[in-house]
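A short write-up of the structure that comes next.
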Amino acid sequence: MFADVINRNRIMYLLSILHFHDNVLEKNKVEQVEPLLTYFNERCKFIVKPEKNLSIDEQIIGYKGTTAHTSFWQVMPKKPTKRGFKVWTRCGITAFVYEMILHYGIAELDLVKDVPAGSSMFMDNYLASCKLIKTLAQPGYGVTCTVRSNRLQKCPISTEKQFGKKKRGYYEYFISNDNTCIVVGCKDSTRALLGSNHIGVQTEIKL
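In our numbering, the protein residues as written are 6 to 212.
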């Protein structure tokens with residue numbers, strides 16, 4: 006008898022998770038989970054009142070399995086969760102996540118498309134560049150970030166070797182001709198490069 010092999014509850018459970026998907030027609034590798042991510046991001050918009058100061062950074066969602074495609078998961082020894090799925094998140098100062106995008110195929114402006122004008126965003130140098138700072142200044146976004154030396158758009162700031170001869174605390178800065186971007190180089194143990202379109206070097210405070 007069929008009932009001796011599998012019971013009704015088991016059949017109903019299998020039917021509840023059964024789906025058919027043509028992998029050949031997939032537009033991208035995350036197509037099957039995109040509806041879940043979209044639903045998550047949409048719900049996050051209505052849970053709390055949006056904050057004006059936001060952080061854009063990478064996070065790791067822990068994963069120890071072996072079935073996911075290797076292009077999805079990464080190993081990052083310096084993170085609290087060292088292995089898993091890398092995602093980019095937009096968070097507020099309360100640590101609430103407003104949006105989450107899988108690292109696969111992210112574009113620079115994906116995480117700010119729903120951010121109200123006038124918001125201030127802080128990010129590290131992975132995504133940041135002088136070009137991005139200027140681009141986000143146009144719709145009214147404030148951006149402050151660290152910047153890599155190869156993304157300065159010919160800014161004539163002193164080289165790291167020249168900074169090495171300066172005393173700790175020394176700094177210099179340059180402002181773009183259209184006044185939409187400032188790049189600050191400061192000497193700590195090494196040279197640090199900062200960029201912004203809404204924060205300058207004044208007022209100085211002596212500690």
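Beta carbons are placed, not taken as given, at the ideal position from N, Cα and C, and that holds for glycine.
Closest residue to residue i among the options (Cα-Cα distance)
{"i": "I180", "options": "D193, G169, V10, I204", "result": "I204"}
{"i": "V53", "options": "G89, T75, R173, T99", "result": "T99"}
{"i": "G67", "options": "R88, D9, K84", "result": "R88"}
{"i": "I65", "options": "A8, L107, N155", "result": "L107"}
{"i": "V152", "options": "G200, K166, F77, Y103", "result": "G200"}
{"i": "Y175", "options": "A133, E104, M126, I162", "result": "I162"}
{"i": "Y131", "options": "P121, K50, Y103, L198", "result": "L198"}
{"i": "E47", "options": "K118, S134, Q207", "result": "K118"}
{"i": "C150", "options": "V80, A142, I138, Y18", "result": "I138"}
{"i": "Y215", "options": "S60, S194, P82", "result": "The structure shown does not extend to residue 215, since the chain is modelled only from 6 to 212, so the question has no answer here."}
{"i": "A73", "options": "F101, K34, V92, V120", "result": "K34"}
{"i": "T185", "options": "F168, K136, K69", "result": "K136"}
{"i": "D129", "options": "S154, E39, D62, N58", "result": "D62"}
{"i": "K171", "options": "Y178, D183, C160, D193", "result": "D193"}
Three-state secondary structure (DSSP) of residue i
{"i": "M105", "result": "strand"}
{"i": "V38", "result": "coil"}
{"i": "Y92", "result": "In the sequence as presented, Tyr is not what sits at residue 92; that position holds Val. V92 falls in the strand class under three-state DSSP."}
{"i": "S201", "result": "strand"}
{"i": "D9", "result": "helix"}
{"i": "D115", "result": "helix"}
{"i": "F51", "result": "helix"}
{"i": "F25", "result": "coil"}
{"i": "L132", "result": "coil"}
{"i": "Y146", "result": "coil"}
{"i": "T43", "result": "helix"}
In DSSP terms, what residue i is bridged to
{"i": "L59", "result": "G97, M126"}
{"i": "G67", "result": "G89"}
Range covered by the beta strand (DSSP E) that runs through residue i
{"i": "Q79", "result": "78-80"}
Min CB distance residue i to chain C below 9 Å
{"i": "K171", "result": "Considering every chain present, this structure includes no chain C. It has just one protein chain."}
For residue i, the first and last residue of its enclosing alpha helix (DSSP H)
{"i": "A142", "result": "135-142"}
Please go through the region 148-198 and give each complete beta strand (DSSP E) segment of 3 or more residues, from N-terminal end onward. 176-180, 187-192
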